[in-house]
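Peer 1: Quick one: the structure is below, and I'll ask about it shortly.
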Amino acid sequence: MRTTNRFRFRYSTRISLWGFLFALPAVFYLALFSLYPMLNALYLSFTRYDLISAPEWIGLGNYQQVLTSTSFQSSLQITFLYVFGTVVPVWFLSFGIAMLLNRARVFSGGWRTLLFIPTILPLLTVTLVWKLLFNLRGPINGLLIPFGIDPVAWLSDARFANLALIITSWWHASSYYMILFLAGLQAVPVVYQEAAALDGANAWQRLRHVILPLMRPTIVLVVVLSIINGFRTFALQYVMTGGGPGTATEIVPLLIYKTAFAFLRMGEASAMSVVYFLLILVFSLIQLRVLQGGNDE
Amino acid sequence: MSRRLAGAIGTYALLFLATLLTLIPVIWMVSTSLKPADQVFTYPVEWFPRSVQWDNYTSALTARPFFLYLANSVLQSLISMVISVVLCSAAGYSFAHFRFWGRDVMFVLVLSTLMIPFEVIAVPLYLQVFAWGWLNTYHGLILPTALSAIGIFIMRQYLMGIPADFIESARMDGASELQILFRVIWPLSTPAMSAVAIFSFVYTWNSYLWPLLVVNQDSLRTLPLGMSLFANELTVSYNRIMAVAVFGALPLVALFLALQRSFVRGIVLTGLREG
Chain A
1 MRTTNRFRFR YSTRISLWGF LFALPAVFYL ALFSLYPMLN ALYLSFTRYD
51 LISAPEWIGL GNYQQVLTST SFQSSLQITF LYVFGTVVPV WFLSFGIAML
101 LNRARVFSGG WRTLLFIPTI LPLLTVTLVW KLLFNLRGPI NGLLIPFGID
151 PVAWLSDARF ANLALIITSW WHASSYYMIL FLAGLQAVPV VYQEAAALDG
201 ANAWQRLRHV ILPLMRPTIV LVVVLSIING FRTFALQYVM TGGGPGTATE
251 IVPLLIYKTA FAFLRMGEAS AMSVVYFLLI LVFSLIQLRV LQGGNDE
Chain B
1 MSRRLAGAIG TYALLFLATL LTLIPVIWMV STSLKPADQV FTYPVEWFPR
51 SVQWDNYTSA LTARPFFLYL ANSVLQSLIS MVISVVLCSA AGYSFAHFRF
101 WGRDVMFVLV LSTLMIPFEV IAVPLYLQVF AWGWLNTYHG LILPTALSAI
151 GIFIMRQYLM GIPADFIESA RMDGASELQI LFRVIWPLST PAMSAVAIFS
201 FVYTWNSYLW PLLVVNQDSL RTLPLGMSLF ANELTVSYNR IMAVAVFGAL
251 PLVALFLALQ RSFVRGIVLT GLREG
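Below you can see the structure in the form of structure tokens.
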């Protein structure tokens with residue numbers, strides 16, 4: 001009896017040890033390349049550091065600087081404009097296209113593959129193509145001329161540069177979230193819709209009272225992801241406008257990049273990073289609260 | 001009946017419109033990459049090349065070492081993919097089927113990294129890699145961004161659906177824990193593993209900020225860096241920029257065509273991308 005107990009004990013400890021060993025490499029990896037840098041960002045945000053002399057502790061100086069500087073505030077505004085200007089139309093576009101795809105019977109796989117193309121293209125390909133499409137002499141202006149619209153310097157005119165970036169993201173992102181919505185729609189049992197139709201529900205009522213409630217998890221996913229992905233934009237602006245003209249399209253990640261690597265103000269860039277992180281975090285938590293809160297109805 | 005017909009016509013008309021708007025930039029890209037230089041910007045817009053100029057590709061791809069950039073991107077994406085699949089499957093298996101001291105703390109640590117956008121840690125991560133002397137090295141380029149917690153999360157969710165009896169009976173048959181991981185868990189979780197693999201590959205393929213920070217030696221540059229540098233050269237003609245844009249897209253398009261189903265599932269399961 002004693003021996004079996006001891007055997008059992010050792011057996012289960014050995015298994016636990018293996019479990020620990022299986023998790024350890026990944027946890028160590030993330031701690032090293034994700035958590036430690038995050039803590040480091042926090043530390044650096046309280047210092048002045050230019051890569052040449054050692055970091056010097058200055059308390060809340062960077063935060064004071066960042067929160068009162070107009071460049072950070074305007075960068076935040078530009079970021080919000082970009083994120084919400086992009087995601088709100090993208091929700092409707094991608095949901096609408098997914099509904100259409102879900103309804104199409106003829107050539108359905110073909111439509112889906114064609115509409116999926118922007119998602120397959122690498123981000124850099126997308127930015128290079130749209131940079132040319134928006135060229136002063138490019139095809140977008142060319143298509144607008146017959147409507148009596150004079151050619152616009154989309155990417156070098158501060159009034160239009162943000163719109164041009166947003167339009168590019170509509171094109172690129174709609175395709176992507178369409179796939180998520182389509183997967184969600186295909187999980188809605190057809191019988192529910194048919195039953196509602198038999199009960200005399202029209203298309204709008206079926207959408208409002210059958211499809212949307214059942215799609216709630218997908219909708220929450222798309223809303224939260226699209227906003228987080230929006231806040232993470234960098235290459236699009238860096239390649240298409242470089243943040244310009246002036247600082248008209250300088251989203252926060254680009255401002256952080258410039259503060260750190262063009263002006264070598266690592267502490268200030270870290271403070272911006274921490275503020276930006278907290279902002280995204282609070283935003284995500286509020287969204288999850290709001291979107292999932294109504295779940296019990 | 002006629003209402004239904006009208007609805008169907010409306011559906012297909014809108015689908016056609018959406019597809020057209022989706023395809024126009026792509027068609028314009030491919031067509032421009034084959035146009036003569038003086039036909040790129042014309043008014044009215046010309047959608048197809050007057051004469052097909054394949055040497056746009058040869059001259060563009062030899063103007064910079066694009067095949068080296070391609071090799072670097074492939075290397076970067078493949079190694080990241082292998083690291084992701086191996087570490088995520090092991091950790092996901094552990095979190096799904098083992099109990100050990102510290103497990104929950106470890107899992108919370110993993111989940112908390114999901115909340116950290118890469119852009120926010122780019123500066124300290126750069127300083128860290130700089131201090132280690134990893135700038136302008138392959139390991140500096142590849143290792144710090146290779147693993148994402150999302151893969152661990154996906155593997156765990158998937159493996160929680162596998163009955164513990166499978167694992168227990170393999171143990172009874174005398175299989176070692178490593179054998180169980182490789183011979184039982186891996187074969188059972190191929191859908192989730194391919195999703196993690198594809199996500200990791202595509203995510204790394206698109207990575208821009210990190211390579212931009214750690215690499216400034218031409219021989220280590222990845223394709224996205226090479227593409228944007230090429231496009232910013234003042235003397236480059238636009239048809240050749242489009243040739244490079246097409247070139248940069250081909251590997252992912254090929255990957256998609258080869259693995260369509262897993263590709264879509266990968267997107268649905270991971271739901272994260274850059275940009």
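Those sequence lines, one after another, are chains A and B.
The numbering of the first sequence is our numbering, which starts it at 1 and goes up by one.
The numbering of the second sequence is our numbering, which starts it at 1 and goes up by one.
A virtual CB, placed ideally from N, CA and C, is assigned to each residue, including glycine.
Please read these numbers as outputs of a predicted model, since none were measured by experiment.
Pick helix, strand or coil for Arg112 of chain A, following the three-state DSSP scheme.
Peer 2: Counting from 1 along the first sequence, the entry for residue 112 of chain A is found at position 112. DSSP, read as helix, strand or coil, puts Arg112 of chain A in helix.
Peer 1: Apart from the five residues on each side of it in sequence, which residues of its chain come closer than 6 Å, Cβ to Cβ, to Gly85 of chain A?
Peer 2: Within the first sequence, the letter at position 85 stands for residue 85 of chain A. Once the five neighbours on either side are set aside, the close Cβ partners of Gly85 of chain A are Ile166.
Peer 1: Taking the alpha-carbon positions, what's the Leu79 of chain A to Phe231 of chain A distance?
Peer 2: Numbered from 1 along the first sequence, position 79 holds the residue referred to as residue 79 of chain A. Numbered from 1 along the first sequence, position 231 holds the residue referred to as residue 231 of chain A. Note on residue identity: the sequence assigns Thr, not Leu, to residue 79 of chain A. Their Cα atoms are separated by approximately 7 Å.
Peer 1: When DSSP labels each residue in this structure, what does Leu272 of chain B get in the three-state scheme?
Peer 2: Looking up residue 272 of chain B in the second sequence gives position 272. Confidence at Leu272 of chain B is low in this model, with a pLDDT of 47, below 50, so the placement of that residue should be treated as unreliable; the coordinate-derived value is given next. Coil, per DSSP.
Peer 1: Using C-beta distances below 8 Å, list every residue in its chain close to Tyr126 of chain B, excluding the 5 sequence neighbours before and after it, in chain order.
Peer 2: In the second sequence, counting from the first residue as 1, residue 126 of chain B sits at position 126. Same-chain partners within the cutoff: Leu213, Val214.
Peer 1: Is there a Cβ of chain B sitting closer than 8 Å to that of Ile145 of chain A, yes or no?
Peer 2: Numbered from its first residue, the first sequence carries residue 145 of chain A at position 145. Yes, Ile145 of chain A lies at the interface with chain B (some Cβ there is under 8 Å from its Cβ).
Peer 1: Starting from Thr47 of chain A, follow its DSSP beta bridges and name the residues at the other end.
Peer 2: Mapped onto the first sequence, residue 47 of chain A falls at position 47. Paired residue(s): A:Trp57.
Peer 1: Tell me where the alpha helix (DSSP H) around Phe95 of chain B begins and ends.
Peer 2: Numbered from 1 along the second sequence, position 95 holds the residue referred to as residue 95 of chain B. Its alpha helix (DSSP H) spans residues 66 to 97.
Peer 1: Check the Cβ of Val27 of chain A against every Cβ in chain B and list those closer than 8 Å, keeping chain order.
Peer 2: Translated into positions along the first sequence, residue 27 of chain A becomes position 27. Simply Ala91, Met106, Leu109, Val110.
Peer 1: Please tell me whether Met215 of chain A has its Cβ less than 8 Å away from any Cβ of chain B.
Peer 2: Along the first sequence, one-based indexing puts residue 215 of chain A at 215. Judged by the 8 Å Cβ criterion, Met215 of chain A is not in contact with chain B.
Peer 1: Using 8 Å as the limit for Cβ to Cβ distance, is Ser273 of chain A near chain B?
Peer 2: Here residue 273 of chain A corresponds to residue number 273 of the first sequence, with the count starting at 1. Closer than 8 Å to some Cβ of chain B, the Cβ of Ser273 of chain A qualifies, so yes.
Peer 1: With H, G and I counted as helix, E and B as strand and the rest as coil, what does DSSP make of Ala106 of chain B?
Peer 2: Sequence index remark: in the second sequence, residue 106 of chain B carries index 106 (1-based). The question names Ala, yet the displayed sequence has Met at residue 106 of chain B. Residue state, collapsed to three classes: helix.
Peer 1: In chain B, what lies closer than 7 Å to Leu114 of chain A by C-beta?
Peer 2: Here residue 114 of chain A corresponds to residue number 114 of the first sequence, with the count starting at 1. The contacting residues are Thr19, Thr22, Leu23.
Peer 1: Is Tyr276 of chain A close to chain B? Criterion is C-beta to C-beta, closer than 8 Å.
Peer 2: Walking along the first sequence from the start, residue 276 of chain A turns up at place 276. Chain B, which has a Cβ nearer than 8 Å to the Cβ of Tyr276 of chain A, makes this yes.
Peer 1: For Phe95 of chain B, tell me which candidate among A:Leu24, A:Gln193, A:Tyr257, A:Ser174 has the shortest Cα-Cα distance.
Peer 2: Indexing the second sequence from 1 puts residue 95 of chain B at position 95. Minimum Cα distance to Phe95 of chain B is reached at A:Leu24.
Peer 1: Might you give, ordered along the chain, the residues of its own chain that have their beta carbon closer than 7 Å to the beta carbon of Leu30 of chain A, omitting 5 neighbours on each side?
Peer 2: Here residue 30 of chain A corresponds to residue number 30 of the first sequence, with the count starting at 1. Only residues of its own chain outside the window of five on either side were considered, and among them none has a CB closer than 7 Å to the CB of Leu30 of chain A.
Peer 1: Output, in sequence order along the chain, the residues in the region 231 to 251 of chain B whose CB is closer than 8 Å to any CB in chain A.
Peer 2: Residues are counted here when their Cβ sits less than 8 Å from a Cβ of chain A; for the region 231 to 251 of chain B these are Ala231, Tyr238, Ile241, Met242, Val244, Ala245, Val246, Gly248, Ala249, given in chain order.
Peer 1: With a threshold of 8 Å between beta carbons, is Trp57 of chain A in contact with chain B?
Peer 2: On the first sequence, residue 57 of chain A is found 57 positions in, with the first residue counted as 1. Output row for Trp57 of chain A: interface = no.
Peer 1: Could you say if the region 72 to 81 of chain B and the region 136 to 143 of chain B meet the contact criterion of at least three C-beta pairs nearer than 8 Å?
Peer 2: yes
Peer 1: In chain order, which continuous runs of the alpha helix (DSSP H) of length 4 or greater are located wholly inside the region 222 to 269 of chain B?
Peer 2: The region 222 to 269 of chain B contains these whole alpha helix (DSSP H) runs: 223 to 232, 238 to 258.
Peer 1: Apply the 10 Å Cβ neighbour rule to Tyr11 of chain A and answer buried if 16 or more other Cβ atoms are within range, or exposed otherwise.
Peer 2: Mapped onto the first sequence, residue 11 of chain A falls at position 11. Result: exposed.
Peer 1: Could you give the distance in angstroms between the alpha-carbon of Val196 of chain B and the alpha-carbon of Arg99 of chain B?
Peer 2: For the purposes of this step, residue 196 of chain B is taken as the residue at position 196 of the second sequence. For the purposes of this step, residue 99 of chain B is taken as the residue at position 99 of the second sequence. Between the C-alpha atoms of Val196 of chain B and Arg99 of chain B there is a straight-line separation of about 24 Å.
Peer 1: Among the candidates B:Arg171, B:Phe199, B:Arg103, whose CA atom is the shortest distance from the CA of Met81 of chain B?
Peer 2: If you number the second sequence from 1, residue 81 of chain B lands on position 81. Selected option, being the one with the closest Cα: B:Phe199.
Peer 1: Does the count of Cβ pairs from the region 113 to 129 of chain A and the region 6 to 22 of chain B closer than 8 Å reach three?
Peer 2: Judged by pairs of C-beta atoms under 8 Å, the region 113 to 129 of chain A touches the region 6 to 22 of chain B, as three or more such pairs exist.
Peer 1: Please decide whether Asn206 of chain B counts as near chain A, where near means a Cβ-Cβ distance under 8 Å.
Peer 2: The residue labelled residue 206 of chain B in the question sits at position 206 within the second sequence. Yes, contact with chain A.
Peer 1: So the candidates are A:Val190, A:Glu56, A:Ser74, A:Leu121; which of them puts its Cα closest to the Cα of Leu250 of chain B?
Peer 2: As a working note, residue 250 of chain B is residue 250 in the second sequence. For Leu250 of chain B, the nearest C-alpha among the options comes from A:Leu121.
Peer 1: Can you check whether the C-beta of Ala170 of chain B is within less than 8 Å of a C-beta belonging to chain A?
Peer 2: Looking up residue 170 of chain B in the second sequence gives position 170. No, no contact with chain A.
Peer 1: Any beta-carbon of chain B closer than 8 Å to the one on Ile280 of chain A?
Peer 2: Reading the first sequence from its first residue, position 280 is the one you call residue 280 of chain A. Yes, because at least one Cβ of chain B sits closer than 8 Å to the Cβ of Ile280 of chain A.
Peer 1: Are Leu132 of chain A and Met240 of chain A closer than 8 Å when you measure CB to CB?
Peer 2: On the first sequence, residue 132 of chain A is found 132 positions in, with the first residue counted as 1. On the first sequence, residue 240 of chain A is found 240 positions in, with the first residue counted as 1. Not in contact: Leu132 of chain A and Met240 of chain A (Cβ atoms no closer than 8 Å).
Peer 1: Buried or exposed for Arg4 of chain B, please, with buried defined as at least 16 other CB atoms from any protein chain shown within 10 angstroms of its CB.
Peer 2: Counted from its first residue, the second sequence places residue 4 of chain B at position 4. Exposed, since its Cβ has fewer than 16 Cβ neighbours within 10 Å.
Peer 1: Ala269 of chain A and Val123 of chain B: beta carbons closer than 8 Å?
Peer 2: Within the first sequence, residue 269 of chain A is the residue found at index 269, counting from 1. Within the second sequence, residue 123 of chain B is the residue found at index 123, counting from 1. The answer is yes: Cβ separation under 8 Å.
Peer 1: Please list the residues of the region 183 to 208 of chain B that have a C-beta atom closer than 7 Å to any C-beta atom in chain A, keeping them in chain order.
Peer 2: Trp205, Asn206, Tyr208
Peer 1: Could you round the C-beta distance between Leu147 of chain B and Ile185 of chain B to whole angstroms and report it? I think they count as a contact, below 8 Å.
Peer 2: Here residue 147 of chain B corresponds to residue number 147 of the second sequence, with the count starting at 1. Here residue 185 of chain B corresponds to residue number 185 of the second sequence, with the count starting at 1. Taking 8 Å as the upper bound for CB-CB distance, Leu147 of chain B and Ile185 of chain B are not in contact here, some 19 Å apart.
Peer 1: So the candidates are B:Glu119, B:Leu223, B:Ala192, B:Asp165; which of them puts its Cα closest to the Cα of Ile228 of chain A?
Peer 2: Locating residue 228 of chain A in the first sequence gives position 228, where the first residue counts as 1. Closest by alpha carbon: B:Glu119.
Peer 1: Which residues mark the beginning and the end of the alpha helix (DSSP H) in which Phe279 of chain B is found?
Peer 2: Residue 279 of chain B is absent from the structure shown; chain B starts at 1 and stops at 275.
Peer 1: Apply the 10 Å Cβ neighbour rule to His209 of chain A and answer buried if 16 or more other Cβ atoms are within range, or exposed otherwise.
Peer 2: Translated into positions along the first sequence, residue 209 of chain A becomes position 209. Per the 10 Å Cβ criterion, exposed.
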